[in-house]
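Colleague:
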Amino acid sequence: MIIVKTKEEIELMRKSALIVSKTLGMLAKEVKEGVTTMQLDKLAEEFIRDQGALPGFLGLYDCPSTLLCSVNEAVVHGLPTKTPLKNGDIVSIDCGALMNEFYGDHAYTFEIGDVDPETKKLIQITKESLYVGIKELKINNRVGDVGHAIQQHCEVHGYGVVRELVGHGLGRKMHEDPEMPNYGRRGRGKKFIEGMVVAIEPMINGGTHKVRQLKDGWTIVTQDGKPSVHFEHDVAIVDGKPEILSTFAYVHEALGIVSHEEDEFRQTALVL
Numbered sequence: 323m324i325i326v327k328t329k330e331e332i333e334l335m336r337k338s339a340l341i342v343s344k345t346l347g348m349l350a351k352e353v354k355e356g357v358t359t360m361q362l363d364k365l366a367e368e369f370i371r372d373q374g375a376l377p378g379f380l381g382l383y384d385c386p387s388t389l390l391c392s393v394n395e396a397v398v399h400g401l402p403t404k405t406p407l408k409n410g411d412i413v414s415i416d417c418g419a420l421m422n423e424f425y426g427d428h429a430y431t432f433e434i435g436d437v438d439p440e441t442k443k444l445i446q447i448t449k450e451s452l453y454v455g456i457k458e459l460k461i462n463n464r465v466g467d468v469g470h471a472i473q474q475h476c477e478v479h480g481y482g483v484v485r486e487l488v489g490h491g492l493g494r495k496m497h498e499d500p501e502m503p504n505y506g507r508r509g510r511g512k513k514f515i516e517g518m519v520v521a522i523e524p525m526i527n528g529g530t531h532k533v534r535q536l537k538d539g540w541t542i543v544t545q546d547g548k549p550s551v552h553f554e555h556d557v558a559i560v561d562g563k564p565e566i567l568s569t570f571a572y573v574h575e576a577l578g579i580v581s582h583e584e585d586e587f588r589q590t591a592l593v594l
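Encoded structure:
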């Protein structure tokens, strides 16, 4: 059952989402060659608690960390390690925060040093697909409309759209209805309604869509060892249209990136 949020609850969720956005922005300055994902995890936990929030992942489903850091062929759910990041790596950092009884859940894929052109293109197309999907989150559309849009945008480039892992509804629980696959058929699935909030998160592989789980019971990797990219935004339906609650603006500011990708999906002005 989809749990509808009031406008007041959506504003509380925006605060939770922005805690995560600010955390990713802080980490953007720290993600570099020689740093370990375990070091990043410690920084993130301290930062979130300093903001008056709780790490959303830590302890959830027995998760042992604040961040999930997925390097290169890791798709999602990578546990932080003591292995230093190296030049040419990519790392998806997925982070959650709990504040005012609501969750924020948000992810960004970072480049370490000189990343090869093929992987850069995979990052670009995956990020584009996130906004292609968000555009379909509006009154009277259905879950399949978002998934179909993301799938089409990525598969035309020969990329694999992960099937086993999906986006989800978001609220007082980290995972609510509806599930939000990154593939599907137009006009299929649950109908979107005013006040719903979801996490849309394309997980796109450079090769096959097939994945497997490592022995740690968490980390999901591509079967063919090719890189995978993951981006995620929290999005509400407000006045019939998609409203992004999270933002990559803090990351972009830290990395010196100029972007207007979010502008059409923000009815409320963002103050950094």
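Positions in the sequence shown are counted from 1; adding 322 to them yields the working numbering. Glycine residues also receive a C-beta, built at the ideal position from the N, C-alpha and C atoms.
Contact check, Leu346 vs Pro402 under 8 Å by CB: the rounded distance?
Modeller: Locating residue 346 in the sequence shown gives position 24, counting from the first residue. Locating residue 402 in the sequence shown gives position 80, counting from the first residue. At roughly 15 Å, the Cβ-Cβ gap does not stay under 8 Å, so Leu346 and Pro402 are not in contact.
Colleague: Quick check on Tyr425: does DSSP put it in helix, strand or coil?
Modeller: Locating residue 425 in the sequence shown gives position 103, counting from the first residue. Reduced to three states, the DSSP call for Tyr425 is strand.
Colleague: Would Tyr572 be called buried (16 or more neighbouring beta carbons within 10 Å of its own) or exposed?
Modeller: Sequence index remark: in the sequence shown, residue 572 carries index 250 (1-based). Buried, because 16 or more other Cβ atoms sit within 10 Å of the Cβ of Tyr572.
Colleague: According to DSSP, is Tyr505 helix, strand or coil?
Modeller: Numbered from 1 along the sequence shown, position 183 holds the residue referred to as residue 505. Residue state, collapsed to three classes: coil.
Colleague: Span of the beta strand (DSSP E) holding Ser545?
Modeller: On the sequence shown, residue 545 is found 223 positions in, with the first residue counted as 1. Reading off the sequence, residue 545 comes out as Gln, not Ser. No beta strand (DSSP E) contains Gln545, which DSSP labels as neither H nor E.
Colleague: When we look at the beta-carbon of Ser581 and count the other beta-carbons within 10 Å, is it buried (16 or more) or exposed?
Modeller: Position 259 of the sequence shown, counted from the start, is the residue given in the question as residue 581. Its Cβ having fewer than 16 others within 10 Å, Ser581 is exposed.
Colleague: Name the residue from Asp556, Gly491, Glu395 whose alpha carbon lies nearest to the alpha carbon of Lys532.
Modeller: As a position in the sequence shown, residue 532 is number 210, starting the count at 1. Answer by Cα proximity: Glu395.
Colleague: Is the Cβ-Cβ distance between His399 and Ile542 less than 8 Å?
Modeller: Looking up residue 399 in the sequence shown gives position 77. Looking up residue 542 in the sequence shown gives position 220. Yes, they are a contact pair.
Colleague: Among the residues of its own chain, which have a CB less than 7 Å from the CB of Val468, if the five just before and after it don't count?
Modeller: Here residue 468 corresponds to residue number 146 of the sequence shown, with the count starting at 1. These residues qualify, in order along the chain: Gly455, Glu458, Leu459, Met502, Ile522.
Colleague: Restricting to Cα atoms, I'd like to know which of Ser414, Ile434, Asp384, Ile515 is closest to Gly428.
Modeller: The count along the sequence shown starts at 1 and reaches residue 428 at position 106. Here residue 428 is His; the residue named in the question, Gly, does not match the sequence. Nearest option by C-alpha distance: Ser414.
Colleague: From this set, Gln589, Leu536, Leu577, His555, which residue's C-alpha is nearest Ser392's C-alpha?
Modeller: In the sequence shown, residue 392 corresponds to position 70, counting from 1. Of Gln589, Leu536, Leu577, His555, the residue nearest in Cα terms is Leu536.
Colleague: Which one of Gly506, Lys351, Gly435 has the shortest CA to CA distance from His574?
Modeller: Here the question's residue 574 lines up with position 252 in the sequence shown. Among Gly506, Lys351, Gly435, the Cα nearest to that of His574 is on Lys351.
Colleague: Can you tell me the Cα-Cα spacing of Ser451 and Gly381, whole angstroms?
Modeller: As a working note, residue 451 is residue 129 in the sequence shown. As a working note, residue 381 is residue 59 in the sequence shown. When rounded, the distance between both Cα atoms is 31 Å.
Colleague: Is the separation between the beta-carbon of Ile559 and that of Gly517 shorter than 8 Å?
Modeller: Translated into positions along the sequence shown, residue 559 becomes position 237. Translated into positions along the sequence shown, residue 517 becomes position 195. Going by C-beta atoms, Ile559 is nearer than 8 Å to Gly517.
Colleague: Identify whether Met348 lies in helix, strand or coil by the three-state DSSP scheme.
Modeller: As a first step, residue 348 is located in the sequence shown; it is residue number 26 there, counting from the start. In this structure, Met348 counts as helix in the three-state DSSP scheme.
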